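Novice: Shown below is the structure under consideration.
Quick look at the structure:
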(Lines of atoms letter the chains of each structure in order from A and count residues from 1; the text may use other names and numbers.)
(Lines give C-alpha, C1' and ligand atoms only; values in the text may rest on other atoms or scores of the structure.)
Protein backbone atom coordinates (compact mmCIF):
# COMPACT_ATOMS: atom_id res chain seq x y z
CA UNK A 1 0.00 0.00 0.00
CA UNK A 2 1.51 3.33 -1.03
CA UNK A 3 1.80 5.63 1.93
CA UNK A 4 -0.87 8.30 2.02
CA UNK A 5 -0.96 9.08 5.72
CA UNK A 6 0.98 11.73 7.60
CA UNK A 7 1.62 12.75 11.21
CA UNK A 8 2.73 16.36 11.64
CA UNK A 9 5.06 17.84 14.30
CA UNK A 10 2.17 19.33 16.28
CA UNK A 11 0.55 15.91 16.77
CA UNK A 12 2.68 15.01 19.77
CA UNK A 13 2.30 13.93 23.37
CA UNK A 14 4.51 13.60 26.45
CA UNK A 15 2.65 10.74 28.19
CA UNK A 16 1.66 7.21 27.19
CA UNK A 17 -2.01 6.64 27.91
CA UNK A 18 -5.04 4.69 26.70
CA UNK A 19 -7.04 7.91 26.88
CA UNK A 20 -5.13 9.72 24.11
CA UNK A 21 -7.33 10.57 21.15
CA UNK A 22 -5.94 9.09 17.92
CA UNK A 23 -4.27 11.60 15.64
CA UNK A 24 -4.87 9.24 12.73
CA UNK A 25 -6.76 6.02 11.97
CA UNK A 26 -5.30 3.65 9.37
CA UNK A 27 -5.91 0.12 8.09
CA UNK A 28 -3.44 -2.66 8.84
CA UNK A 29 -0.60 -2.52 6.33
CA UNK A 30 -0.71 1.25 5.93
CA UNK A 31 2.43 3.33 5.47
CA UNK A 32 2.66 6.53 7.49
CA UNK A 33 5.12 9.41 7.22
CA UNK A 34 6.02 11.16 10.48
CA UNK A 35 7.53 14.67 10.62
CA UNK A 36 9.36 14.57 13.95
CA UNK A 37 10.86 17.14 16.25
CA UNK A 38 14.03 15.89 17.93
CA UNK A 39 14.17 14.29 21.37
CA UNK A 40 14.76 17.68 22.96
CA UNK A 41 11.61 19.13 21.38
CA UNK A 42 13.77 21.19 18.98
CA UNK A 43 14.91 23.35 21.89
CA UNK A 44 18.55 23.06 20.76
CA UNK A 45 19.40 24.38 17.30
CA UNK A 46 22.40 25.96 15.57
CA UNK A 47 20.75 29.38 15.78
CA UNK A 48 20.39 29.32 19.58
CA UNK A 49 23.38 27.13 20.55
CA UNK A 50 25.01 29.70 22.91
CA UNK A 51 21.93 29.87 25.18
CA UNK A 52 20.08 26.61 24.46
CA UNK A 53 21.35 24.61 27.44
CA UNK A 54 20.70 27.39 29.93
CA UNK A 55 17.11 27.63 28.73
CA UNK A 56 16.53 23.89 28.29
CA UNK A 57 13.22 22.59 29.68
CA UNK A 58 13.48 18.91 30.68
CA UNK A 59 9.68 18.58 30.90
CA UNK A 60 9.49 18.77 27.09
CA UNK A 61 11.97 15.97 26.36
CA UNK A 62 11.23 12.77 24.41
CA UNK A 63 7.99 13.79 22.72
CA UNK A 64 6.15 10.96 20.94
CA UNK A 65 4.22 11.66 17.74
CA UNK A 66 0.78 10.20 17.10
CA UNK A 67 -0.90 8.15 18.31
CA UNK A 68 -1.98 6.11 15.30
CA UNK A 69 -5.04 3.86 15.67
CA UNK A 70 -4.55 0.71 13.57
CA UNK A 71 -7.81 -0.89 12.56
CA UNK A 72 -8.36 -4.54 13.62
CA UNK A 73 -5.66 -4.38 16.34
CA UNK A 74 -6.93 -5.91 19.58
CA UNK A 75 -5.31 -6.82 22.92
CA UNK A 76 -3.31 -10.00 22.51
CA UNK A 77 -2.32 -9.18 18.92
CA UNK A 78 1.12 -8.00 17.86
CA UNK A 79 1.88 -4.79 15.96
CA UNK A 80 4.58 -5.21 13.33
CA UNK A 81 6.50 -2.00 12.56
CA UNK A 82 8.63 -1.97 9.41
CA UNK A 83 11.06 0.94 9.09
CA UNK A 84 11.08 2.01 5.45
CA UNK A 85 12.85 5.36 5.33
CA UNK A 86 14.54 7.70 7.81
CA UNK A 87 15.88 11.11 6.82
CA UNK A 88 17.71 13.13 9.49
CA UNK A 89 17.69 16.90 9.59
CA UNK A 90 20.47 19.22 8.48
CA UNK A 91 21.96 19.35 11.97
CA UNK A 92 22.21 17.30 15.13
CA UNK A 93 23.39 17.86 18.69
CA UNK A 94 24.98 15.98 21.57
CA UNK A 95 24.93 17.46 25.06
CA UNK A 96 26.01 16.86 28.63
CA UNK A 97 23.03 17.82 30.77
CA UNK A 98 23.09 18.16 34.57
CA UNK A 99 22.27 14.94 36.41
CA UNK A 100 21.88 12.97 33.18
CA UNK A 101 24.05 10.17 31.80
CA UNK A 102 26.00 7.17 33.08
CA UNK A 103 28.81 9.30 34.57
CA UNK A 104 26.69 12.28 35.59
CA UNK A 105 28.11 12.27 39.12
CA UNK A 106 31.81 12.01 38.16
CA UNK A 107 33.58 15.13 39.40
CA UNK A 108 35.23 15.91 36.06
CA UNK A 109 31.95 15.47 34.18
CA UNK A 110 30.06 17.61 36.69
CA UNK A 111 32.69 20.33 36.24
CA UNK A 112 32.29 20.20 32.43
CA UNK A 113 28.47 20.17 32.42
CA UNK A 114 26.59 21.62 30.60
CA UNK A 115 28.37 21.10 27.29
CA UNK A 116 27.09 21.05 23.72
CA UNK A 117 28.29 19.80 20.34
CA UNK A 118 26.38 20.86 17.21
CA UNK A 119 26.92 18.45 14.30
CA UNK A 120 26.64 19.58 10.68
CA UNK A 121 24.64 16.85 8.90
CA UNK A 122 24.47 18.54 5.52
CA UNK A 123 26.49 17.14 2.62
CA UNK A 124 29.04 19.93 3.07
CA UNK A 125 29.39 19.06 6.76
CA UNK A 126 29.80 15.32 6.43
CA UNK A 127 32.49 13.19 4.81
CA UNK A 128 32.28 10.06 2.66
CA UNK A 129 33.93 7.06 4.27
CA UNK A 130 36.50 4.89 2.51
CA UNK A 131 33.84 2.92 0.63
CA UNK A 132 31.91 6.05 -0.28
CA UNK A 133 28.62 4.48 0.85
CA UNK A 134 27.97 6.16 4.17
CA UNK A 135 28.29 9.70 5.42
CA UNK A 136 30.49 10.43 8.41
CA UNK A 137 29.57 13.10 10.96
CA UNK A 138 32.66 14.98 12.13
CA UNK A 139 33.33 15.38 15.86
CA UNK A 140 36.61 17.21 15.27
CA UNK A 141 39.30 17.06 12.58
CA UNK A 142 40.39 13.45 12.19
CA UNK A 143 37.50 11.98 14.22
CA UNK A 144 34.13 11.09 12.65
CA UNK A 145 31.29 8.60 13.15
CA UNK A 146 28.98 6.90 10.61
CA UNK A 147 25.60 8.54 10.06
CA UNK A 148 23.11 5.73 10.72
CA UNK A 149 19.63 7.10 11.46
CA UNK A 150 17.17 5.39 13.78
CA UNK A 151 14.28 6.27 16.10
CA UNK A 152 14.78 6.19 19.85
CA UNK A 153 11.06 6.19 20.68
CA UNK A 154 8.62 3.58 19.35
CA UNK A 155 5.72 2.42 21.45
CA UNK A 156 2.05 1.72 21.97
CA UNK A 157 -0.48 2.55 24.67
CA UNK A 158 0.04 0.77 28.02
CA UNK A 159 -2.20 -1.99 29.32
CA UNK A 160 -3.09 -0.14 32.53
CA UNK A 161 -6.28 1.92 32.21
CA UNK A 162 -6.41 5.34 33.77
CA UNK A 163 -2.65 5.87 33.99
CA UNK A 164 -0.28 8.27 32.28
CA UNK A 165 3.29 7.05 31.85
CA UNK A 166 6.26 9.30 31.13
CA UNK A 167 7.76 9.08 27.65
CA UNK A 168 11.31 9.20 29.06
CA UNK A 169 11.84 5.55 30.18
CA UNK A 170 11.11 2.39 28.16
CA UNK A 171 8.51 -0.19 29.23
CA UNK A 172 8.56 -3.95 28.68
CA UNK A 173 4.88 -4.25 27.80
CA UNK A 174 4.64 -1.29 25.44
CA UNK A 175 8.08 -0.11 24.27
CA UNK A 176 8.69 3.63 24.37
CA UNK A 177 12.08 5.33 24.65
CA UNK A 178 14.15 2.20 24.03
CA UNK A 179 17.11 3.96 22.33
CA UNK A 180 18.21 0.71 20.68
CA UNK A 181 20.07 1.56 17.50
CA UNK A 182 19.31 -1.81 15.84
CA UNK A 183 15.55 -2.14 16.25
CA UNK A 184 14.46 0.97 14.33
CA UNK A 185 16.98 1.53 11.57
CA UNK A 186 15.95 1.27 7.90
CA UNK A 187 15.23 -2.34 7.00
CA UNK A 188 14.55 -3.45 10.58
CA UNK A 189 11.24 -4.81 11.89
CA UNK A 190 9.92 -4.22 15.40
CA UNK A 191 7.21 -6.31 17.08
CA UNK A 192 5.21 -4.68 19.88
CA UNK A 193 2.51 -6.17 22.13
CA UNK A 194 -0.94 -4.72 21.50
CA UNK A 195 -2.57 -3.73 24.81
CA UNK A 196 -5.62 -1.76 23.67
CA UNK A 197 -7.89 -1.63 20.64
CA UNK A 198 -6.08 0.10 17.79
CA UNK A 199 -2.67 -0.27 19.51
CA UNK A 200 -2.21 3.55 19.54
CA UNK A 201 1.31 3.60 18.07
CA UNK A 202 3.60 6.61 18.37
CA UNK A 203 7.27 7.25 17.59
CA UNK A 204 9.91 9.97 17.82
CA UNK A 205 13.40 10.85 19.11
CA UNK A 206 15.34 10.78 15.85
CA UNK A 207 19.04 9.97 16.08
CA UNK A 208 21.63 10.39 13.33
CA UNK A 209 24.00 8.06 15.23
CA UNK A 210 24.30 6.44 18.64
CA UNK A 211 26.50 3.93 20.39
CA UNK A 212 25.14 1.04 22.43
CA UNK A 213 24.30 2.54 25.79
CA UNK A 214 23.98 6.23 24.82
CA UNK A 215 26.23 6.72 27.83
CA UNK A 216 26.39 10.51 28.07
CA UNK A 217 22.58 10.66 27.92
CA UNK A 218 22.27 11.93 24.36
CA UNK A 219 23.08 10.60 20.90
CA UNK A 220 23.33 12.77 17.78
CA UNK A 221 19.83 14.12 18.32
CA UNK A 222 18.15 15.40 15.17
CA UNK A 223 14.75 16.20 13.70
CA UNK A 224 13.66 13.34 11.45
CA UNK A 225 11.27 12.43 8.68
CA UNK A 226 10.32 8.79 9.14
CA UNK A 227 8.23 6.40 7.05
CA UNK A 228 6.96 3.18 8.63
CA UNK A 229 4.49 0.41 7.80
CA UNK A 230 2.13 -0.76 10.55
CA UNK A 231 0.70 -4.27 10.25
CA UNK A 232 -1.45 -6.19 12.72
CA UNK A 233 -0.50 -9.82 13.35
CA UNK A 234 -3.54 -11.52 14.83
CA UNK A 235 -3.15 -13.90 17.72
CA UNK A 236 -4.53 -16.80 15.63
CA UNK A 237 -2.02 -16.10 12.87
CA UNK A 238 0.86 -16.29 15.30
CA UNK A 239 -0.48 -19.50 16.82
CA UNK A 240 -0.56 -21.02 13.33
CA UNK A 241 3.13 -20.14 12.97
CA UNK A 242 4.00 -22.06 16.13
CA UNK A 243 3.60 -19.51 18.94
CA UNK A 244 2.11 -21.48 21.82
CA UNK A 245 -1.50 -20.42 22.40
CA UNK A 246 -0.78 -17.44 20.16
CA UNK A 247 1.30 -16.20 23.07
CA UNK A 248 1.37 -12.47 23.57
CA UNK A 249 4.80 -10.89 23.62
CA UNK A 250 6.15 -10.04 27.07
CA UNK A 251 8.53 -7.43 25.64
CA UNK A 252 9.45 -5.87 22.29
CA UNK A 253 11.13 -8.15 19.73
CA UNK A 254 12.96 -7.06 16.59
CA UNK A 255 14.66 -8.34 13.45
CA UNK A 256 17.67 -6.50 12.07
CA UNK A 257 18.30 -5.91 8.35
CA UNK A 258 19.81 -8.76 6.34
CA UNK A 259 23.20 -7.10 6.31
CA UNK A 260 25.03 -7.22 9.62
CA UNK A 261 25.81 -4.15 11.66
CA UNK A 262 29.49 -3.98 10.74
CA UNK A 263 28.73 -4.40 7.05
CA UNK A 264 26.20 -1.59 7.17
CA UNK A 265 28.38 0.83 9.13
CA UNK A 266 31.81 -0.18 7.84
CA UNK A 267 32.91 0.16 11.47
CA UNK A 268 35.66 -2.43 11.17
CA UNK A 269 36.66 -1.51 7.65
CA UNK A 270 40.31 -1.92 6.67
CA UNK A 271 40.70 -4.30 9.62
CA UNK A 272 41.12 -1.40 12.01
CA UNK A 273 39.29 -3.31 14.73
CA UNK A 274 38.22 -1.89 18.06
CA UNK A 275 39.73 -0.60 21.29
CA UNK A 276 37.89 -1.79 24.40
CA UNK A 277 37.97 -1.68 28.18
CA UNK A 278 36.40 -4.39 30.34
CA UNK A 279 34.69 -3.27 33.53
CA UNK A 280 34.35 -5.96 36.24
CA UNK A 281 32.21 -5.36 39.31
CA UNK A 282 29.47 -6.98 41.40
CA UNK A 283 27.12 -4.22 40.26
CA UNK A 284 26.31 -4.11 36.53
CA UNK A 285 26.02 -0.34 36.51
CA UNK A 286 29.41 0.09 38.19
CA UNK A 287 30.97 -2.38 35.75
CA UNK A 288 29.54 -0.30 32.91
CA UNK A 289 30.90 2.92 34.39
CA UNK A 290 34.33 1.36 34.81
CA UNK A 291 34.40 0.25 31.17
CA UNK A 292 33.35 3.66 29.81
CA UNK A 293 35.88 5.48 31.99
CA UNK A 294 38.58 3.13 30.71
CA UNK A 295 37.94 4.03 27.07
CA UNK A 296 37.67 7.71 27.95
CA UNK A 297 41.04 7.57 29.74
CA UNK A 298 42.58 6.00 26.62
CA UNK A 299 41.02 8.61 24.33
CA UNK A 300 42.48 11.40 26.46
CA UNK A 301 45.94 9.85 26.83
CA UNK A 302 46.44 8.36 23.37
CA UNK A 303 44.20 10.39 21.07
CA UNK A 304 44.30 13.84 22.63
CA UNK A 305 40.56 14.23 23.12
CA UNK A 306 39.18 16.32 25.95
CA UNK A 307 37.16 14.55 28.64
CA UNK A 308 33.94 15.95 27.16
CA UNK A 309 34.86 14.87 23.61
CA UNK A 310 35.74 11.39 24.87
CA UNK A 311 32.44 11.05 26.73
CA UNK A 312 30.44 12.23 23.73
CA UNK A 313 32.33 9.94 21.35
CA UNK A 314 31.61 6.92 23.57
CA UNK A 315 27.94 7.93 23.57
CA UNK A 316 27.55 8.28 19.80
CA UNK A 317 29.88 5.48 18.62
CA UNK A 318 30.83 3.18 21.52
CA UNK A 319 29.45 -0.30 22.11
CA UNK A 320 28.54 -1.07 25.71
CA UNK A 321 28.13 -4.84 25.95
CA UNK A 322 27.11 -7.35 28.58
CA UNK A 323 30.13 -9.59 28.10
CA UNK A 324 29.58 -12.04 30.98
CA UNK A 325 26.74 -12.31 33.49
CA UNK A 326 26.98 -15.82 34.99
CA UNK A 327 30.19 -15.99 37.06
CA UNK A 328 28.93 -14.51 40.29
CA UNK A 329 29.53 -12.39 42.21
CA UNK A 330 30.96 -10.19 39.43
CA UNK A 331 29.67 -9.03 36.07
CA UNK A 332 31.88 -8.17 33.08
CA UNK A 333 30.80 -5.28 30.84
CA UNK A 334 32.89 -4.07 27.92
CA UNK A 335 32.95 -0.73 26.18
CA UNK A 336 34.39 -0.95 22.67
CA UNK A 337 35.12 1.85 20.23
CA UNK A 338 35.61 1.14 16.50
CA UNK A 339 39.03 2.44 15.48
CA UNK A 340 37.61 3.45 12.12
CA UNK A 341 36.32 6.66 13.78
CA UNK A 342 39.89 7.90 13.53
CA UNK A 343 40.47 9.03 9.96
CA UNK A 344 44.24 9.38 10.14
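In the numbering used here, the protein residues as written are 330 to 673. Ideal Cβ positions, reconstructed from N, Cα and C, are used throughout, including at glycine. Everything numeric in this text was worked out from a predicted model, so none of it was measured.
According to DSSP, is residue 483 part of a helix, a strand, or is it coil?
Specialist: Along the chain shown, read from residue 1 onward, the residue named residue 483 stands at position 154. Reduced to three states, the DSSP call for residue 483 is strand.
Novice: Contact between the stretch 602-613 and the stretch 661-672: three or more CB pairs below 8 Å?
Specialist: Output reads yes: the stretch 661-672 touches the stretch 602-613.
Novice: Relative to the C-alpha of residue 656, which residue among 624, 611, 522 is closest?
Specialist: Translated into the one-based positions of the chain shown, residue 656 becomes position 327. It is 611.
Novice: Give me, in chain order, the residues of the same chain whose beta-carbon lies closer than 7 Å to that of residue 473; leave out the 5 immediate sequence neighbours on both sides.
Specialist: The residue you call residue 473 lines up with position 144 of the chain shown. The answer, listed in chain order, is 456, 465, 466, 467, 670, 672.
Novice: Would you check if the distance between the CB atom of residue 476 and the CB atom of residue 540 is smaller than 7 Å?
Specialist: Mapped onto the chain shown, residue 476 falls at position 147. Mapped onto the chain shown, residue 540 falls at position 211. No, Cβ-Cβ distance for residue 476 and residue 540 is not below 7 Å.
Novice: Do you know offhand how far residue 382's Cα is from residue 547's?
Specialist: One-based indexing of the chain shown puts residue 382 at position 53. One-based indexing of the chain shown puts residue 547 at position 218. Between residue 382 and residue 547, the C-alpha separation is close to 13 Å.
Novice: From residue 661 to residue 565, what does the alpha carbon distance come to, in whole angstroms?
Specialist: The count along the chain shown starts at 1 and reaches residue 661 at position 332. The count along the chain shown starts at 1 and reaches residue 565 at position 236. If I take the Cα positions, the gap works out to 41 Å.
Novice: Per DSSP, residue 546 forms a beta bridge with which residues?
Specialist: Position 217 of the chain shown, counted from the start, is the residue given in the question as residue 546. Residue 546 is not bridged to any residue.
Novice: Just to confirm, are residue 412 and residue 515 a CB contact at a threshold of 7 Å?
Specialist: Numbered from 1 along the chain shown, position 83 holds the residue referred to as residue 412. Numbered from 1 along the chain shown, position 186 holds the residue referred to as residue 515. The answer is yes: Cβ separation under 7 Å.
Novice: Alpha carbon to alpha carbon, what distance is there between residue 556 and residue 351?
Specialist: Here the question's residue 351 lines up with position 22 in the chain shown. Here the question's residue 556 lines up with position 227 in the chain shown. So the two alpha carbons sit approximately 18 Å from each other.
Novice: Can you check the stretch 578-660 for any beta strand (DSSP E) of at least 3 residues that lies completely inside it and give the ranges in chain order?
Specialist: Here the runs fully enclosed are 582-584, 603-610, 648-653.
Novice: With burial defined as no fewer than 16 other Cβ atoms inside 10 Å of the residue's Cβ, what is the status of residue 550: buried or exposed?
Specialist: Translated into the one-based positions of the chain shown, residue 550 becomes position 221. With 16 or more other Cβ atoms within 10 Å, it is buried.
Novice: Per DSSP, which one or two residues make a beta bridge with residue 369?
Specialist: Working through the chain shown from its first residue, we reach residue 369 at position 40. None, per the DSSP bridge assignment.
Novice: Leaving out five residues on either side along the sequence, give the residues of the same chain with a beta carbon under 6 Å from the beta carbon of residue 637.
Specialist: Locating residue 637 in the chain shown gives position 308, counting from the first residue. Within the same chain, residue 637 has close Cβ partners 441, 444.
Novice: Output the boundary residues of the beta strand (DSSP E) element that contains residue 439.
Specialist: As a position in the chain shown, residue 439 is number 110, starting the count at 1. Segment 436-441 is the alpha helix (DSSP H) holding residue 439; no beta strand (DSSP E) there.
Novice: From this set, 536, 528, 384, which residue's C-alpha is nearest residue 346's C-alpha?
Specialist: As a working note, residue 346 is residue 17 in the chain shown. Closest by alpha carbon: 528.
Novice: Residue ranges of each beta strand (DSSP E) run of no fewer than 3 residues wholly in the stretch 389-475, ordered along the chain?
Specialist: Whole beta strand (DSSP E) segments, 3+ residues: 393-399, 407-417, 420-425, 444-449, 455-457, 464-469, 472-475.
Novice: DSSP three-state label for residue 330, please.
Specialist: Within the chain shown, numbered from 1, the residue matching residue 330 stands at position 1. Confidence in residue 330 is poor, its pLDDT being 49 and thus under 50, which makes the residue's placement too unreliable to answer from.
Novice: Which whole-angstrom value is the C-beta distance of residue 511 and residue 543, which I expect to be below 8 Å?
Specialist: By one-based count along the chain shown, residue 511 stands at place 182. By one-based count along the chain shown, residue 543 stands at place 214. The Cβ separation is near 13 Å, so there is no contact.
Novice: Kindly list the residues whose CB is nearer than 6 Å to the CB of residue 533, restricted to its own chain and excluding five residues on each side of it in sequence; keep chain order.
Specialist: Here residue 533 corresponds to residue number 204 of the chain shown, with the count starting at 1. The answer, listed in chain order, is 365, 392, 393, 394, 482.
Novice: Between 658, 336, 647, 348, which has its C-alpha nearest residue 494's C-alpha?
Specialist: If you number the chain shown from 1, residue 494 lands on position 165. Nearest option by C-alpha distance: 348.
Novice: Which complete beta strand (DSSP E) runs does the stretch 490-549 hold, if anything under 3 residues is left out?
Specialist: As far as the stretch 490-549 is concerned, its whole beta strand (DSSP E) runs of at least 3 residues are 504-506, 518-522, 530-536.
Novice: Work out the CA separation of residue 562 and residue 427 for me, nearest whole Å.
Specialist: If you number the chain shown from 1, residue 427 lands on position 98. If you number the chain shown from 1, residue 562 lands on position 233. The straight-line gap from Cα to Cα measures roughly 42 Å.
Novice: Grab the span of the beta strand (DSSP E) containing residue 354 for me, first residue to last.
Specialist: Taking the chain shown and counting its residues from 1, the one referred to as residue 354 is at position 25. Looking at the DSSP string, the run of the beta strand (DSSP E) that includes residue 354 is 353-355.
Novice: Can you check which of these residues, 374, 361, 354, is closest to residue 418 by C-alpha distance?
Specialist: On the chain shown, residue 418 is found 89 positions in, with the first residue counted as 1. When each option's Cα is compared against that of residue 418, the closest is 374.
Novice: Just mark residue 335 as buried or exposed, buried being the case when its beta carbon has 16 or more other beta carbons within 10 Å.
Specialist: Numbered from 1 along the chain shown, position 6 holds the residue referred to as residue 335. So residue 335 counts as exposed.
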